[in-house]
Amino acid sequence: MSPAELLTLLVGTPSVSGEEGPIADLLQGLLAGRGFDVKRQGHNLWFSFGAPGGSRLLLNSHLDTVPPCAGWEGDPFTPVWNGSRLQGLGSNDAKGCVSAMLLAAFELSKLKLDGEVVVALSAEEETGGKGIATILDQLGPFDGAVVGEPTGLRICAAQRGMLLLKCTARGTSGHVANAQMLGAENAIHKAARDISKIAALEFPAHPLLGSQKAQVTQIQGGLRRNQVPDACEFFIDLRTSPDQDHDDLAASFQRQLESEVAIHSKRYLPKGTDPSHPIVRAALQAAGKAGPVGSGTTSDWAFLGGIPAVKAGPGDTFRSHSPNEYLTLPELEAGAAFYANLATTFFKLQVPKQEAGAR
């Protein structure tokens, strides 16, 4: 099967988050037909090859897509080639990465490797559901990992996390006409003071991710136009850096704000890998890049625990979740070569297990 045929097959199989069954069935059969021992839990698939007992490398990308947005020219679920460009939902995010990892696996499995490769194709990445986090303990320990996302083969060695805080300003209710006499405390006014403080907050810049600002993304308060509101809720979305602890950040906000602060979600942890680690060095060498970059978007890397990892793959992040999403054939072929070269280079850079154990 050619690279173009594989990508066409995957893009032509709808797999909106939670509905990955058909594409998981398809790939399970395709991989078994090529002799791989495919494991499956839910809509997550994984298989391995190489030399067990040596260094272990995880290649992970996701099978699911977001639902199609407005503005598509034609059917998003029907792949259309225009020259070397394939347009279709998921072509860029992330079926191009899935295809490239599979193409690399087909070639790598023919070689005598110095370690073991595990390819894990996960579900529900777009919704943070029953995906890589539910199967990670079955995959075993790893010396390094690559998360396939469309980065233009730039090597992301740091990824922002996401901390969502729910804030509640409390006041006292009363009729607007009597508010001053009664001393009614307007919760919206209190929230506004806090929101002004939030807008002015500064955070230390990260070497790869740069600076950040906390964003107030939702606000709700008041029941009637003639009643002083006794409560006002608002949400803070802060994209965090690897050197920031989510619990510590929440506590810091609570110290600075009048409103009550509660953690709404902290599961998307920030991630970072030392640029001197073999997984970063191997990725840079395979991609021909001088140095790593940071990524502001979340991915399944957030759920890989302490595994040293990078995020990289064919495509462009700015095409993701947009109408007329596409991937080019040269991008796909370069991605497949990148993953294959990364694996062989990574195993060469790793200290042999016997030698490591003797130290």
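Numbering (my numbering), first residue to last: 2 to 360.
All residues carry an ideal CB built from backbone N, CA and C; glycine is no exception.
- Around the Cβ of R225, are there at least 16 other Cβ atoms within 10 angstroms (buried) or fewer (exposed)? Classification of R225: exposed, given that the 10 Å Cβ count is below 16.
- Message: For A344, tell me which candidate among R35, L109, H322 has the shortest Cα-Cα distance.
- Response: For A344, the closest of R35, L109, H322 by C-alpha to C-alpha distance is L109.
- Identity of the residue in M182, S242, V217, L64 nearest C98 by Cα: Sorting M182, S242, V217, L64 by C-alpha distance to the C-alpha of C98 places L64 at the top.
- Message: Going by beta-carbon coordinates alone, are L7 and S100 separated by less than 7 Å?
- Response: Annotated as proximal: L7 and S100, with beta-carbon spacing under 7 Å.
- Message: Taking the alpha carbon of T135 as the reference point, which residue from Q160, R41, G222, N179 has its own alpha carbon closest?
- Response: Checked all of Q160, R41, G222, N179; the closest Cα to T135 is R41.
- Item | Reference A158, options D138, F48, P208, G129, closest by Cα | Comparing alpha carbon positions, the residue from D138, F48, P208, G129 closest to A158 is P208.
- Task: Verify the contact flag: F254, CB atom, against every heavy atom of the ligand HEM, threshold strictly below 6 Å.
- Result: This structure lacks the ligand HEM; in fact it carries no ligand of any kind.
- Message: Assuming contact is defined by CB atoms lying nearer than 7 Å, are L154 and A313 in contact in what I supplied?
- Response: Yes, the Cβ-Cβ distance between L154 and A313 is below 7 Å.
- Those runs of the alpha helix (DSSP H) which lie wholly inside the region 282-352 and span at least 4 residues: Listed in chain order, they are 330-350.
- Span separating the alpha-carbon of G145 from that of A192: Straight-line Cα distance between these residues: approximately 45 Å.
- Task: Whole angstroms is fine: what's the gap from L258's alpha carbon to K198's?
- Result: Approximately 8 Å, taken between the alpha carbons.
- Exposed unless 16 or more other CB atoms sit within 10 angstroms - verdict on Q88: It is buried - the Cβ of Q88 has at least 16 other Cβ atoms within 10 Å.
- Meets three-Cβ-pair contact criterion under 8 Å: the region 20-28 and the region 286-303: Short answer: they don't touch.
- Task: Note down, in chain order, each residue of its chain lying with its Cβ closer than 6 Å to the Cβ of E261, except the 5 sequence neighbours on either side.
- Result: These residues qualify, in order along the chain: T169.
- Item | Neighbourhood of H322 by C-beta distance below 6 Å, restricted to the same chain and skipping five residues each side | So the qualifying residues of the chain are V67.
- Where S242 and A337 are concerned, what is the direct C-alpha to C-alpha distance, given to the nearest angstrom? One C-alpha to the other measures close to 30 Å.
- Item | Opposing strand residues paired with D238 [DSSP bridges] | L165, Q216.
- Task: In the DSSP assignment, find the unbroken alpha helix (DSSP H) run with E6 in it and report its ends.
- Result: E6 -> alpha helix (DSSP H) spans 4-12.
- Can you check whether the CB of P80 is closer than 7 Å to the CB of G13? Their beta carbons are under 7 Å apart, which means G13 touches P80 by this criterion.
- With DSSP run on the structure shown, which of helix, strand or coil describes E108? Helix at E108.
- Measure the C-alpha to C-alpha separation of P4 and K96 and round it to an integer number of angstroms. Each residue's CA atom was taken as its position, placing P4 and K96 some 12 Å apart.
- Task: Go ahead and label G358 buried or exposed: buried means 16 or more other beta carbons lie within 10 angstroms of its beta carbon, across all protein chains shown.
- Result: The pLDDT assigned to G358 is 34, lower than 50, so where the model puts this residue is not dependable; a value taken from the coordinates is nonetheless given after this. With a threshold of 16 other beta carbon atoms within 10 Å, G358 falls short and is exposed.
- Query: Exposed or buried, L183, counting other C-beta atoms within 10 Å across all chains shown (16 or more means buried)?
  - Reply: Counting every other CB atom within 10 Å of its CB across the protein chains shown gives L183 a total below 16, marking it as exposed.
- Message: In this structure, how does DSSP classify N45 when only helix, strand and coil are distinguished?
- Response: Strand, per DSSP.
- Item | Stretch-stretch touch, CB-based, cutoff 8 Å, three pairs: the region 111-131 with the region 244-259 | Here the region 111-131 makes no contact with the region 244-259; the two share fewer than three CB pairs at distances below 8 Å.
- Query: By how many angstroms is the C-alpha of Y327 removed from the C-alpha of R320?
  - Reply: Pairing R320 with Y327, the inter-Cα distance amounts to about 7 Å.
- Task: For E117, write down the residues that DSSP places opposite it in a beta bridge.
- Result: Per DSSP, the beta bridge partners of E117 are G51, R57.
- Task: Identify every residue that forms a DSSP beta bridge with K267.
- Result: DSSP links K267 through a beta bridge to no other residue.
- What's the C-alpha gap between Q245 and A252? Q245 and A252 have their C-alpha atoms spaced approximately 12 Å apart.
- Message: Below 8 Å on the Cβ atoms is my contact criterion, and I expect L166 with A263 to pass it. Report the Cβ-Cβ distance as a whole number of Å.
- Response: Between A263 and L166 the Cβ distance is about 7 Å, and since that is below 8 Å, they are a contact.
- Message: Please classify N227 as buried or exposed, where buried requires at least 16 neighbouring CB atoms within 10 angstroms.
- Response: Exposed.
- Task: Classify K272 as helix, strand or coil using the three-state DSSP reduction.
- Result: DSSP, read as helix, strand or coil, puts K272 in strand.
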